[in-house]
Every structure is written in C-alpha cells, then in structure tokens.
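Its first residue numbered 3, the sequence shown is counted upward by one per residue in the working numbering. Note that beta-carbon positions come from the ideal geometry of N, C-alpha and C, so glycine has one too. Just so we're clear, the structure is a prediction, and the values are computed from it rather than from any experiment. Report on one structure; see the data block that follows.
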Amino acid sequence: MANLPLMEWLPGLRRLDAKFVGQPLTGDVDLIIVHSGALGAHVARYLHDPADDRYVSAHVSWDSWEGPPYQQVSLAHEAMHAGGSRFRGQGGLNGRSYGIELPGPASALERPDIQRVQLRAVVRLMCTAAPTITTITAHQWIDRRKRDPGPGVPAAWFDGLELEVVWRPCRD
Ligand SMILES: [Zn+2]
3 MANLPLMEWL
13 PGLRRLDAKF
23 VGQPLTGDVD
33 LIIVHSGALG
43 AHVARYLHDP
53 ADDRYVSAHV
63 SWDSWEGPPY
73 QQVSLAHEAM
83 HAGGSRFRGQ
93 GGLNGRSYGI
103 ELPGPASALE
113 RPDIQRVQLR
123 AVVRLMCTAA
133 PTITTITAHQ
143 WIDRRKRDPG
153 PGVPAAWFDG
163 LELEVVWRPC
173 RD
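Laid out in structure tokens, this is it:
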C-alpha cells in the first residue's frame with residue numbers, strides 16, 4: 003500500500019498547471035530530481051503551454067531566477083521529467099520522484115542566492131508533504147545525455163535538509 007502525500011498542493015506556492023500530467027502515483031515517492039530548463043527562463047510558462055508539444059512537465063518550476071516558484075503538477079501525480087533516467091540501476095523514475103525545474107540555461111555557472119533559498123524552501127515543503135522522500139539528486143547524474151542543472155547548483159545547497167544528497171553519477 004503506497005503512502006500517498008499528505009497534501010497535493012504545497013502551501014504558499016502559486017499554481018500554473020502543466021499541459022502534460024502523468025498518471026496518479028501508485029507507489030511511494032523517495033526521490034527529488036533537480037533540473038534546469040535548456041531554453042532559459044520562462045520554464046513554468048513553457049510547461050504550462052509548450053510551443054512544440056514536447057511531452058514534459060515538472061512538479062515545481064520557475065520562470066525567472068528571482069522567482070516565484072510555481073507548482074504545476076499535483077504531488078499525487080507523476081510528472082514527465084526523468085523518463086530516460088536511471089538511479090542506482092533502476093528505471094521508471096517518474097513513478098517514484100518529484101521533479102523540480104530551475105530556470106536555464108544549464109551552462110550557467112553562477113546562480114543567485116535567491117535561487118538557492120527558494121529551492122531549499124520548496125524541497126523542505128516537499129519533504130513535509132511526502133515524508134517518504136529520502137534522497138535528492140540531479141538530472142545530470144542519472145542520464146548521460148543531460149547536463150542540467152550544471153555546476154551552478156552544488157551539493158552544498160542541500161546541506162542540513164536531512165536528505166541523502168547524491169551529487170555524482172549514479173545511474174548504475
Ligand atoms: Zn532535466
């Protein structure tokens with residue numbers, strides 16, 4: 003029996019529904035996967051109304067580095083953010099993870115402190131909503147084709163959150 007999240011929508015976040023939402027989650031979520039948009043800012047608007055119908059979404063995303071964060075997929079549903087990825091030899095990650103999409107580009111080396119503060123706040127809210135979460139990693143570590151979120155988001159951003167921070171390649 004799955005442990006469903008205690009709430010579907012995080013308190014205090016604006017809502018901007020993603021165009022593509024996955025199926026209802028049927029198992030525990032234990033993982034948060036951090037991304038950044040390849041196209042730059044306006045990630046939230048892109049996922050709400052994509053120009054090219056790419057089948058992608060994330061639970062929380064930003065439109066700019068100054069914020070605010072938007073929740074785009076209910077915590078009781080899958081988002082399409084890690085379909086080709088593997089974590090410690092396992093696939094099917096959309097069924098056990100929440101996806102967070104920072105603004106791009108992935109190559110940006112320096113991200114402003116406000117991004118770190120907002121990201122930590124969102125991670126804390128997710129862990130409160132879903133106490134089954136144990137681990138945080140990033141797209142670049144679980145899919146060889148991906149570079150996001152890049153070196154501008156170091157592991158130290160997640161110090162003190164009582165999560166296992168997996169900030170190295172961990173597909174296998
Ligand atoms: Zn990604």
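Cβ-Cβ distances below 6 Å link Arg173 to Arg88, Ile144 in the same chain, with the five nearest sequence neighbours on each side left out; the list follows chain order. For Asn5, the closest C-alpha among the options Gly29, Gly97, Leu18, Pro107 is that of Gly29.
Under the three-state reduction of DSSP output, Trp159 falls in the helix class. The region 7–94 is shown to contain whole beta strand (DSSP E) runs of 3 or more residues at 33–38, 62–64, 71–73, in chain order. The C-beta distance from Pro114 to Trp67 rounds to 5 Å, short enough to meet the 8 Å contact threshold. Boundaries cannot be given for Thr136, as no beta strand (DSSP E) includes it and DSSP labels it neither H nor E.
Beta-bridge partners of Leu104 (DSSP): Ser38.
In the DSSP secondary-structure assignment, Glu166 is bridged to Thr137. Between ligand 1 and His61, a heavy atom-to-CB distance of less than 7 Å is absent. Around the beta-carbon of Asp55, fewer than 16 other beta-carbon atoms lie within 10 Å, marking it exposed.
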